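Number of protein chains: 2
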Amino acid sequence: MGFDLKTYLERQRVRIEEALDRLLPTGEGENTSRVVQAMRYSLMAGGKRLRPILCIASCEAIGGDSELALPIGCAIEMIHTYSLIHDDLPAMDNDALRRGIPTCHVAFDEATAILAGDALLTHAFAVLAGSVTTDVDVFPPPSPSLCLQAIAIVSEAAGFPGMIEGQMQDMLQEGQPTTLEALERMHRLKTGAMIEASVACGVLIGGGSRADMDRFRHYARHIGLAFQIQDDILNVEGDPKIMGKAAGTDRLHRKTTYPSLIGVDAARVLAVAHRDEALTALSPYDVKADPLRALADYIVHRNR
Amino acid sequence: MGFDLKTYLERQRVRIEEALDRLLPTGEGENTSRVVQAMRYSLMAGGKRLRPILCIASCEAIGGDSELALPIGCAIEMIHTYSLIHDDLPAMDNDALRRGIPTCHVAFDEATAILAGDALLTHAFAVLAGSVTTDVDVFPPPSPSLCLQAIAIVSEAAGFPGMIEGQMQDMLQEGQPTTLEALERMHRLKTGAMIEASVACGVLIGGGSRADMDRFRHYARHIGLAFQIQDDILNVEGDPKIMGKAAGTDRLHRKTTYPSLIGVDAARVLAVAHRDEALTALSPYDVKADPLRALADYIVHRNR
Numbered sequence: 001m002g003f004d005l006k007t008y009l010e011r012q013r014v015r016i017e018e019a020l021d022r023l024l025p026t027g028e029g030e031n032t033s034r035v036v037q038a039m040r041y042s043l044m045a046g047g048k049r050l051r052p053i054l055c056i057a058s059c060e061a062i063g064g065d066s067e068l069a070l071p072i073g074c075a076i077e078m079i080h081t082y083s084l085i086h087d088d089l090p091a092m093d094n095d096a097l098r099r100g101i102p103t104c105h106v107a108f109d110e111a112t113a114i115l116a117g118d119a120l121l122t123h124a125f126a127v128l129a130g131s132v133t134t135d136v137d138v139f140p141p142p143s144p145s146l147c148l149q150a151i152a153i154v155s156e157a158a159g160f161p162g163m164i165e166g167q168m169q170d171m172l173q174e175g176q177p178t179t180l181e182a183l184e185r186m187h188r189l190k191t192g193a194m195i196e197a198s199v200a201c202g203v204l205i206g207g208g209s210r211a212d213m214d215r216f217r218h219y220a221r222h223i224g225l226a227f228q229i230q231d232d233i234l235n236v237e238g239d240p241k242i243m244g245k246a247a248g249t250d251r252l253h254r255k256t257t258y259p260s261l262i263g264v265d266a267a268r269v270l271a272v273a274h275r276d277e278a279l280t281a282l283s284p285y286d287v288k289a290d291p292l293r294a295l296a297d298y299i300v301h302r303n304r
Numbered sequence: 001m002g003f004d005l006k007t008y009l010e011r012q013r014v015r016i017e018e019a020l021d022r023l024l025p026t027g028e029g030e031n032t033s034r035v036v037q038a039m040r041y042s043l044m045a046g047g048k049r050l051r052p053i054l055c056i057a058s059c060e061a062i063g064g065d066s067e068l069a070l071p072i073g074c075a076i077e078m079i080h081t082y083s084l085i086h087d088d089l090p091a092m093d094n095d096a097l098r099r100g101i102p103t104c105h106v107a108f109d110e111a112t113a114i115l116a117g118d119a120l121l122t123h124a125f126a127v128l129a130g131s132v133t134t135d136v137d138v139f140p141p142p143s144p145s146l147c148l149q150a151i152a153i154v155s156e157a158a159g160f161p162g163m164i165e166g167q168m169q170d171m172l173q174e175g176q177p178t179t180l181e182a183l184e185r186m187h188r189l190k191t192g193a194m195i196e197a198s199v200a201c202g203v204l205i206g207g208g209s210r211a212d213m214d215r216f217r218h219y220a221r222h223i224g225l226a227f228q229i230q231d232d233i234l235n236v237e238g239d240p241k242i243m244g245k246a247a248g249t250d251r252l253h254r255k256t257t258y259p260s261l262i263g264v265d266a267a268r269v270l271a272v273a274h275r276d277e278a279l280t281a282l283s284p285y286d287v288k289a290d291p292l293r294a295l296a297d298y299i300v301h302r303n304r
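Chains A and B, in that order, give the protein sequences.
Residue 295 in our numbering sits at position 295 of the first sequence, with consecutive numbering throughout.
Residue 273 in our numbering sits at position 273 of the second sequence, with consecutive numbering throughout.
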């Protein structure tokens, strides 16, 4: 009885990684391209695939066909991966390890990493426009109008009004005292905007109403904050072996985090409060929203 | 009598810069954003605006309404500017001067320059999707289907199948002996792909036929190569004061160029041959194609 999240996540993860694999050229054979190899290296390096799973699960929650949400979720994952590649660069966070393997600029070089990030971002829009599809795409693509709306949602969330402004604020705030309010504003932009876009695209492609969109965006905003708070907690308390990256780095870089501002215990309480707020937003929906409910819970209890 | 290119270029430049100005937030006032300031700094730093002019002139040449081509041309200019910002980075070409002023990472810092480039690329797709418009857009936007086709053209030209692969090849070839064939292949990708996309989008939005598209793409490929050859010649012989950037840098970086492979005189002959080939492609068209003809000529005689 009940919903088995672990099985669901694993099934979706395999499905998403197969689709990602088909949406990129192999980068091997006669047309070996260093930049395609670097794109593949970072995109196929694992990860939770949280954003595409949210896109798919949101589409399913309102009774939509998740096959239509799959390429959009993959495009969002490409944008997420590009943002990690660029954030890891020496001029930004200067991280050498990500998901248990060397970051892109360490495995290749800085120039290749910059270009691989640029290429993933550009390719994501080709996928959103429907001009790149997987061999097994047997479903009719969404209407041009829906594709354009998805591009509008994603470009706003990923651009200077969203994720990029969040990263800029993160860079500017580093090592400086700040407030809980400023920290939340930064996270709403840096990670929240793309999490919200994942959910919004799922609702869009599933044919949701304006009211659905409002409720699901509300859900997404709160799991986004819960996710970030848990990320900060894991950076203090997590096991580097499980996380695939170093712990304690926030403190080392004198980053302002939820634990540094309010302590680990209060941060944990806050994460749970955001999860509860997210669950309340989903109360009008039936069992088809169970994956989203389970995801909200998983986000505050995950160990990586 | 005859077509006055200087007046035409100046009128279009003003029109394009007004549109670019309206397509970006001011970056001032209460919502001052460092990343928006950096986007503006590089986007509004002048330049020939060759790509949007080609987009507009191609649309007009087949009798289309150039108001429809204007935002697409502006989006392409944003992508061109992002590529310059990233190419100038220390990890890439490490240039300190561009268009007579400090490059973005010198005027701001590396992290901001990376983010400003990312943001311009992302914003270009928002503009192409029609989700960002200028206040004075009084014309109906192109159909969703045409918008998606433009996004497909631009994302392919700007991504790993085009411009990015060209920059990667440029980085890998630097300081190494190469052939005229390899040099041309690199330039076809690095600068040619986006010049061709500018023209193709103009034809698309102007309602051109398949035959129009083939002829105009042929024109674009040859002016693209002529443009690059002239760029190489100017790097040897140009006046830094007029160009707004240093001369002789290719030789300093031991870059393979047309002059280094075949000498300046033969390079000049080759540029003119490409111009002639471009003009031949336009022979079926009437006086409305005169701006494109004049541009082909300008490209091989410009001094900056």
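We put the beta carbon where it would ideally sit given N, CA and C, even for glycine.
None of these values were measured; they are calculated from a predicted model.
Endpoints, alpha helix (DSSP H) assigned at residue i
i	result
A/R22	5-23
A/G238	Segment: none, A/G238 is in no alpha helix (DSSP H) and carries neither H nor E.
A/R275	264-281
B/L89	Counting along the chain, B/L89 falls outside any alpha helix (DSSP H), and DSSP gives it neither H nor E.
A/D65	A/D65 -> no alpha helix (DSSP H), and no H or E assigned at all.
B/G166	163-173
B/F125	110-128
A/G202	193-206
A/A157	144-158
B/T257	B/T257 -> no alpha helix (DSSP H), and no H or E assigned at all.
A/L43	34-43
B/A250	In the sequence as presented, Ala is not what sits at residue 250 of chain B; that position holds Asp. Taken as a continuous stretch (DSSP letters only), the alpha helix (DSSP H) holding B/D250 covers 249-252.
Residue i Cβ short of 7 Å to the ligand NAD heavy atom set
i	result
A/N94	The ligand NAD is not part of this structure, which contains no ligands at all.
Nearest neighbour of residue i, chosen from the options [CA to CA]
i	options	result
B/E165	B/G192, B/Q176, B/S283	B/G192
B/V36	B/A152, B/P291, B/I223, B/Y82	B/Y82
A/D231	A/H222, A/N303, A/I195, A/M171	A/N303
A/E184	A/S155, A/M213, A/H253, A/P259	A/P259
B/Y285	B/T26, B/C59, B/T32, B/A197	B/C59
B/R51	B/L279, B/A271, B/R215, B/G224	B/G224
A/E156	A/C201, A/G117, A/N94	A/C201
B/H301	B/I262, B/M194, B/R217, B/E237	B/E237
B/F227	B/L261, B/L270, B/D95	B/L270
B/L146	B/F160, B/A45, B/G207	B/G207
A/G159	A/L121, A/D276, A/M213	A/L121
B/T280	B/T249, B/H123, B/R221, B/R40	B/R221
B/T257	B/T133, B/T179, B/R11	B/T179
A/F108	A/D65, A/I85, A/R275, A/V287	A/I85
B/A197	B/I233, B/Q176, B/L128	B/L128
A/E74	A/A124, A/S209, A/V106, A/G100	Note on identity: in this sequence residue 74 of chain A is Cys, with Glu being the wrong assignment. The shortest Cα separation from A/C74 among A/A124, A/S209, A/V106, A/G100 belongs to A/A124.
A/G2	A/A294, A/R13, A/R98	A/A294
Per-residue DSSP class, three states only, for residue i
i	result
A/I76	helix
A/R180	The question names Arg, yet the displayed sequence has Leu at residue 180 of chain A. Helix, per DSSP.
B/R304	coil
A/P102	strand
B/M1	Only weak support is given to the placement of B/M1: the predicted model assigns it a pLDDT of 46, under 50, and the question is left unresolved by the model.
B/P284	coil
**Report entry** chain B contacts from the stretch 85-109 of chain A (Cβ-Cβ distance under 7 Å)
**Finding:** Residues of the stretch 85-109 of chain A with a C-beta less than 7 Å from any C-beta of chain B: H86, L89, A91, M92, listed in chain order.
Query raised in the report: What residues in the stretch 152-170 of chain A bring their beta carbon closer than 8 Å to a beta carbon of chain B?
Result: A152, S155, E156, A158, G159, F160, I164, E165, Q167, M168
Query raised in the report: If you measure beta-carbon to beta-carbon, which residues of the stretch 114-129 of chain A are closer than 7 Å to chain B?
Result: I114, L115, D118, A119, L121, T122, H123, F125, A126, A129
Report task. Scan the stretch 49-60 of chain B for residues whose Cβ lies nearer than 7 Å to a Cβ of chain A and list them as they occur along the chain. Result -> Within the stretch 49-60 of chain B, no residue has a Cβ that lies closer than 7 Å to any Cβ of chain A.
Requested in this report: Note down, in chain order, all residues in the stretch 177-209 of chain A with a beta-carbon under 7 Å from any beta-carbon belonging to chain B.
Outcome: none
Query - chain B contacts from the stretch 206-240 of chain A (Cβ-Cβ distance under 7 Å) - result: none
Report task. Quick one: which residues of the stretch 257-278 of chain B get their C-beta closer than 7 Å to a C-beta of chain A? List them in chain order. Result -> none
Query - Residues, ordered as in the chain, of the stretch 64-87 of chain A that lie near chain B by beta-carbon distance below 7 Å - result: H86
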